[in-house]
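Note that my numbering has the sequence shown beginning at 14, numbered continuously upward.
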Amino acid sequence: MEEKQEIVPVRTEETAKYYSEEKFWDKLKKFGKKAGANVVYAVLLLYYTLQKPDIPPKAKAVIIGALGYFILPLDLIPDFAAGVGFTDDLGALGLALIQVAMYIDEGVKLKAKEKIKTWFSEEHNFSIIDAKIK
């Protein structure tokens with residue numbers, strides 16, 4: 014009988030210790046292009062939401078946990094794995110986005126999209142992500 018490998022959900026407390034502003038920007042600069050515009054957009058949405066002064070502690074914890082997982086050097090699928098390395102990161106980021114969607118406003122989206130323009134030369138359509146966080 015084949016044994017199924019269970020995927021354990023990421024715990025916010027465990028991954029939060031990996032988050033810092035410096036580590037965040039270092040990871041984005043190093044892997045942003047490889048991760049792709051959608052992952053970077055999700056990361057930036059969380060980052061800019063975290064910067065808002067009126068975010069409750071629980072939402073901050075969710076965001077810091079997700080960004081910590083993104084920064085985590087060794088996660089479920091290593092980031093250097095060709096083609097799939099950031100799949101698990103996007104999943105964790107997506108869950109966090111859904112949980113804090115009520116705090117993501119048009120200003121946050123605009124900041125994220127403006128930052129994306131400085132890193133990626135072509136235009137990107139983020140309507141799928143935006144639709145999930147309405």
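The beta-carbon is built from N, C-alpha and C at its ideal position, and this holds for glycine as well. In this text the structure is predicted, and so the values were computed from the model without any measurement.
Would you be able to state if there are at least three C-beta pairs under 8 Å between the segment 107-115 and the segment 35-49? By the Cβ criterion, the segment 35-49 is not in contact with the segment 107-115, since fewer than three pairs of Cβ atoms, one from each stretch, lie closer than 8 Å.
Cβ of residue 37 within 8 Å of Cβ of residue 80? Yes; because the gap between Cβ atoms is below 8 Å, this pair is in contact.
Excluding five sequence neighbours on each side, which residues of the same chain lie with their C-beta closer than 6 Å to the C-beta of residue 124? For residue 124, the CB contacts under 6 Å within the same chain, skipping 5 residues up- and downstream, are 61 in chain order.
I need the straight-line Cα distance from residue 66 to residue 121, nearest angstrom please. Approximately 13 Å between the Cα atoms of the pair.
Where residue 130 sits in the DSSP three-state scheme: DSSP places residue 130 in helix when its eight states are reduced to three.
Taking the alpha-carbon of residue 33 as reference, which of 143, 85, 58 has the nearest alpha-carbon? When 143, 85, 58 are compared, the shortest CA-CA separation from residue 33 is found for 85.
Between the alpha carbons of residue 53 and residue 107, how many angstroms are there, rounded? It is roughly 12 Å from the alpha-carbon of residue 53 to the alpha-carbon of residue 107.
Between 137, 141, 115, which has its C-alpha nearest residue 49's C-alpha? Residue 137 is the option with its Cα nearest to residue 49.
In chain order, what residues of the same chain lie with their CB nearer than 8 Å to the CB of residue 59, ignoring the 5 residues before and after it? Cβ within range, chain order: 76, 79, 80, 106, 109, 110, 113.
By how many angstroms is the C-alpha of residue 142 removed from the C-alpha of residue 148? With the chain represented from 14 up to 147, any question about residue 148 goes unanswered, as that position is not in the structure.
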